[in-house]
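Trainee: First the structure, then my questions, so here it is.
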Amino acid sequence: MAANTNGTVEQVPVLIVGGSLVGLTLAALLAKYGIKCMVIEKHSSTAIHPRATLMMPRTMQVFKELGLYEIMKEESLKYYDKKTCIITIESLAGKLLHKWLEDVNEGIERVSATRRVFLTQQALEPLLRAKAKELGAQLRFSTEMVSLTQDSDSVTATLKNRDTNITSTIRSSYLIAADGFRSTTRSLLGIPTQGPGLLSRALTIYFEILDKDRLATLANAHYSGVVYVSNPAVRCFFRFDRDKKESFLVINSAGKQGSEASRFPADTASMESAEGYLRAAIGDEEVKFKIHQLTTWEAIADVPVRLREGRCLLAGDAAHRMPPSGGFGGNTGVQDAHNLAWKLAYVLKGQAGPSLPETYEEERYPIAKHTVENALAHYVHRTEPSLSHLVDEYDVKESPVEHLEMAYRYHSKALFTNGPLNASNITEDPATSVAAPGSVAHHVLVDTADGRKNVAISEFFGDGFVLFVGSNGGPWINAARKLEGTFRTVQLVFDDDKVFARRYSVLQDGAVLVRPDGFVAWSCRSIVREKVQDAQKLLEEVRKRVLCL
706 MAANTNGTVE QVPVLIVGGS LVGLTLAALL AKYGIKCMVI EKHSSTAIHP
756 RATLMMPRTM QVFKELGLYE IMKEESLKYY DKKTCIITIE SLAGKLLHKW
806 LEDVNEGIER VSATRRVFLT QQALEPLLRA KAKELGAQLR FSTEMVSLTQ
856 DSDSVTATLK NRDTNITSTI RSSYLIAADG FRSTTRSLLG IPTQGPGLLS
906 RALTIYFEIL DKDRLATLAN AHYSGVVYVS NPAVRCFFRF DRDKKESFLV
956 INSAGKQGSE ASRFPADTAS MESAEGYLRA AIGDEEVKFK IHQLTTWEAI
1006 ADVPVRLREG RCLLAGDAAH RMPPSGGFGG NTGVQDAHNL AWKLAYVLKG
1056 QAGPSLPETY EEERYPIAKH TVENALAHYV HRTEPSLSHL VDEYDVKESP
1106 VEHLEMAYRY HSKALFTNGP LNASNITEDP ATSVAAPGSV AHHVLVDTAD
1156 GRKNVAISEF FGDGFVLFVG SNGGPWINAA RKLEGTFRTV QLVFDDDKVF
1206 ARRYSVLQDG AVLVRPDGFV AWSCRSIVRE KVQDAQKLLE EVRKRVLCL
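According to our numbering, the sequence shown is numbered sequentially starting from 706.
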């Protein structure tokens, strides 16, 4: 649209500040719900460096709902092997020290219909950009926000085109800060952060291996995935693409481990030092390489003191800063977007109460804090054991990776339960736990009354609330029908001792309501055993609670 040269103010329901992984995902999800939104990004294009390579199963479920899952798997195989691992080695020429994961997707089918996928932001963001644009989102690159004000009804932002210096004014119902690690929006809102803080000033070396035949003879050169290196010279990790043309090495620590200077390799970064680090990580003086670029950055572990200020909400790295160990950062941001998109959409369409977006902070803040703490623990264990005191100081409760990735719990007023939620229960086992309000809707295969067999339950997610009922669920079906399409009903065929019945604690006359983001909102084990007198009245109460009406 034209710049604001005549004092006019453009109106848009949602303004998203930041057009990287999280901002583009949120834009695509909102547009899918039919909500007009605008994304502004200060850079002139999407990512140009290969960051955030490991996409976790729940993240891939989000992208599946956007129709991107299969193409992402295809794109991944252009760059990376199908079987990828996470290991620690002495060097590419040295000893294997530890295998964290032999195959990142081993056994994944037990707990998820989607797989972990290695794909860089450099490859993913153009796909998200195209999808968001296709669905109707407005995208403005080379544009930054320079100021904002808000009142009880809207947020007014002043934008500047970085190429022309022309300013414009946008008024939106909500503003989402997805503008990254050093979020300008978070600063403008005056929201401080808290936590361990700075862990290192790191160096990333983008390079190409020229002597591939020599490299192939090294002991650990065949590993594909995340390859940590730990030796007296460097503590770092490799990411190789298949052709070794667009590889990078992240130097977290160099020199004498435990010394203050060792954690700040960026402070003395030069082409000469980078060559030395790379040589130490390879472990063979004869392997030839070419360094293309050096970048410096900070590894930080902290969270803002809150995720919301009025109608402005923080998401992605603006809402949680964590070291890259474990690959949680980008994935956590995508889950922020998934949680937020449906809530904004329902409010803006008049289908939910105005307090529903407040539950974003209620639900995501504990997850953000817990994930940052676990990323810190991963960083300490795999890279910098000299910082182990921080794990004790911040009383980090470590969760198994699968639990943290796929079975974290929400606690908020947008869930309907007969008793208080146990807010200390942050994660659970995705393979064995019983779904309850606030749980991820656990992966099971189901049969439907219309004849579909062995369908992953997640196939029904992403288009609104879904009410699952059993063979004797007629009263629920009739009740849902009278609520004017609030809940889409899926009737399942199962025995009381089958997997769905056990994992969701429901009998054939029971019901389970799943939210648009794939979390259980409410369940009733049995209309008879729970003595439900009026199914429609109960569903109406559930609707009001979960939509904050």
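Note that beta-carbon positions come from the ideal geometry of N, C-alpha and C, so glycine has one too.
Going along the chain, which residues of its own chain have a beta-carbon closer than 8 Å to the beta-carbon of leucine 983, five neighbours each way excluded?
Mentor: Mapped onto the sequence shown, residue 983 falls at position 278. Here the set comprises Ile910, Phe912, Leu954, Phe994, Ile996.
Trainee: Does DSSP put methionine 850 in a helix, a strand or coil?
Mentor: Position 145 of the sequence shown, counted from the first residue, corresponds to residue 850. Methionine 850: strand per DSSP, three-state reduction.
Trainee: Which class does leucine 829 belong to by DSSP, given the choice of helix, strand or coil?
Mentor: The residue you call residue 829 lines up with position 124 of the sequence shown. Note: leucine 829 maps to helix in three-state DSSP.
Trainee: Which class does serine 1144 belong to by DSSP, given the choice of helix, strand or coil?
Mentor: Position 439 of the sequence shown, counted from the start, is the residue given in the question as residue 1144. DSSP places serine 1144 in coil when its eight states are reduced to three.
Trainee: Nearest CA to the CA of tyrosine 1113: which residue from Ser1129, Tyr1099, Ala1119?
Mentor: Taking the first residue of the sequence shown as 1, we reach residue 1113 at position 408. Considering only alpha carbons, the answer is Ser1129.
Trainee: Distance check for glutamine 962 and serine 929, CA to CA, integer angstroms please.
Mentor: Position 224 of the sequence shown, counting from 1, holds the residue named residue 929. Position 257 of the sequence shown, counting from 1, holds the residue named residue 962. The straight-line gap from Cα to Cα measures roughly 27 Å.
Trainee: Between the region 1005-1017 and the region 886-902, do at least 3 Cβ pairs fall closer than 8 Å?
Mentor: Touching, yes.
Trainee: Taking only three categories from DSSP, how would you classify alanine 1044?
Mentor: In the sequence shown, counting from the first residue as 1, residue 1044 sits at position 339. Looking at the sequence shown, residue 1044 is not alanine but asparagine. Here asparagine 1044 sits in helix by DSSP.
Trainee: Could you check what DSSP says for threonine 1064 in three-state terms: helix, strand or coil?
Mentor: For the purposes of this step, residue 1064 is identified with residue 359 of the sequence shown, where counting begins at 1. Helix, per DSSP.
Trainee: What did DSSP end up calling glutamate 715 once you bin it into helix, strand or coil?
Mentor: If you number the sequence shown from 1, residue 715 lands on position 10. The answer is strand: DSSP assigns glutamate 715 an E or B state.
Trainee: Mind checking glutamine 716: buried by the 16 CB within 10 Å criterion, or exposed?
Mentor: Position 11 of the sequence shown, counting from 1, holds the residue named residue 716. Under this definition glutamine 716 is an exposed residue.
Trainee: Can you tell me whether proline 937 is buried or exposed, with buried defined as 16 or more other CB within 10 angstroms of its CB?
Mentor: Counted from its first residue, the sequence shown places residue 937 at position 232. With fewer than 16 Cβ atoms within 10 Å of its Cβ, proline 937 is classed as exposed.
Trainee: In terms of residue numbering, what span does the alpha helix (DSSP H) encompassing leucine 983 cover?
Mentor: Residue mapping note: residue 983 aligns to position 278 of the sequence shown, counting from 1. Per DSSP, leucine 983 belongs to the alpha helix (DSSP H) from 976-987.
Trainee: The alpha helix (DSSP H) with isoleucine 776 in it runs from where to where?
Mentor: Looking up residue 776 in the sequence shown gives position 71. Note, isoleucine 776: alpha helix (DSSP H), 774-784.
Trainee: Identify, in the order they occur along the chain, each residue of the same chain with its Cβ nearer than 8 Å to the Cβ of valine 1233, setting aside the five sequence neighbours on each side.
Mentor: Taking the sequence shown and counting its residues from 1, one reaches residue 1233 at position 528. Asp1214.
Trainee: Give me whichever residues DSSP pairs with tyrosine 879 in a beta bridge.
Mentor: By one-based count along the sequence shown, residue 879 stands at place 174. Looking at the DSSP assignment, tyrosine 879 forms a beta bridge with Val719.
Trainee: Excluding the 5 residues preceding and the 5 following valine 816 in the sequence, name in chain order all residues of the same chain whose CB lies nearer than 7 Å to its CB.
Mentor: On the sequence shown, residue 816 is found 111 positions in, with the first residue counted as 1. Same-chain partners within the cutoff: Glu1107, Met1111, Pro1135, Ala1136, His1148.
Trainee: CB valine 809 to CB threonine 789, shorter than 7 Å?
Mentor: Within the sequence shown, numbered from 1, the residue matching residue 809 stands at position 104. Within the sequence shown, numbered from 1, the residue matching residue 789 stands at position 84. Cβ distance < 7 Å, so valine 809 and threonine 789 count as in contact.
Trainee: From serine 1228 to proline 1221, what distance separates their C-alpha atoms?
Mentor: Looking up residue 1228 in the sequence shown gives position 523. Looking up residue 1221 in the sequence shown gives position 516. Approximately 15 Å, taken between the alpha carbons.
Trainee: For aspartate 989, which of Lys1236, Asn925, Arg876 has the nearest alpha-carbon?
Mentor: Here residue 989 corresponds to residue number 284 of the sequence shown, with the count starting at 1. When only C-alpha atoms are compared, the closest one is Asn925.
Trainee: Going by C-alpha distance, which of Glu849, Asp1022, Leu833, Leu915 is nearest alanine 883?
Mentor: Here residue 883 corresponds to residue number 178 of the sequence shown, with the count starting at 1. Nearest option by C-alpha distance: Asp1022.
Trainee: Just how far apart, CA to CA, sit glycine 1034 and methionine 1027?
Mentor: Counting from one through the sequence shown, the residue named residue 1034 turns up at place 329. Counting from one through the sequence shown, the residue named residue 1027 turns up at place 322. Glycine 1034 and methionine 1027: Cα-Cα distance of roughly 6 Å.
Trainee: What is the DSSP secondary structure of phenylalanine 1170, reduced to helix, strand or coil?
Mentor: Position 465 of the sequence shown, counted from the first residue, corresponds to residue 1170. It is a strand residue.
Trainee: Determine whether the Cβ of serine 967 lies closer than 7 Å to any Cβ atom of chain D.
Mentor: Checking the listed chains, one finds no chain D in this structure; it contains a single protein chain.
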